[in-house]
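A.B. asks: Let me give you the structure first, and then I'll get to my questions.
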Amino acid sequence: TARALLKVKAATQPLADGVLRLLIHGFAGDEQIEISVKEGKVTVGATENAPDLELDHFEAIRFLFSVSSAERRNLTVSAAQWFPLPLHCFSFDSV
2 TARALLKVKA ATQPLADGVL RLLIHGFAGD EQIEISVKEG KVTVGATENA
52 PDLELDHFEA IRFLFSVSSA ERRNLTVSAA QWFPLPLHCF SFDSV
């Protein structure tokens, strides 16, 4: 989901290059992902590298989708610019 929504965001605005590693303690278990953007190309996948940020399930939801997220305050400017992920896209819907 993060990959698809970040690609939507990349299609509607330029994204700064950078890498962010998250460890999410979700309901179904732990998930460690790496999100990267390089020259407009978005990649998201599993990683074993040390996380930049560790979040529980609800913190991860706020981090990824909320307009206001305390968890994003300490991110690099490039990674903070990627969020929140869009749950809609008016330009694609011709609205």
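According to my numbering, the sequence shown is numbered sequentially starting from 2. Virtual Cβ for every residue (Gly too), placed ideally from N, Cα, C. Computed from a predicted model, the values in this text were never measured in an experiment.
1) Could you work out which residue in 77, 3, 83 and 47 is closest to residue 31 when comparing CA atoms only?
2) What does the alpha-carbon distance come out to for the pair residue 11 and residue 51?
3) Can you find the residues in the same chain that come closer than 6 Å, C-beta to C-beta, to residue 36, ignoring five residues on each side of it along the sequence?
4) What is the DSSP secondary structure of residue 78, reduced to helix, strand or coil?
5) At what residues does the alpha helix (DSSP H) containing residue 26 begin and finish?
6) Just mark residue 69 as buried or exposed, buried being the case when its beta carbon has 16 or more other beta carbons within 10 Å.
7) What distance in whole Å lies between the Cβ atoms of residue 28 and residue 58, which are believed to be in contact at a cut-off of 8 Å?
8) Looking at C-alpha atoms only, which residue of 80, 15 and 67 is the closest neighbour of residue 23?
9) When the Cα of residue 62 is compared with those of 19, 38 and 87, which residue comes out closest?
C.D. replies: Reading off the structure:
1) Of the listed residues, the one whose Cα sits closest to residue 31 is 47.
2) One C-alpha to the other measures close to 26 Å.
3) For residue 36, where only same-chain residues beyond five positions count, the Cβ hits under 6 Å are 21 and 45.
4) Residue 78: helix per DSSP, three-state reduction.
5) It is not in any alpha helix (DSSP H) - residue 26 instead sits in the beta strand (DSSP E) that spans 19-27.
6) Residue environment for residue 69: exposed (fewer than 16 other C-beta atoms within 10 angstroms of its C-beta).
7) With a Cβ gap of about 6 Å, residue 58 and residue 28 count as contacting.
8) Selected option, being the one with the closest Cα: 80.
9) When each option's Cα is compared against that of residue 62, the closest is 87.
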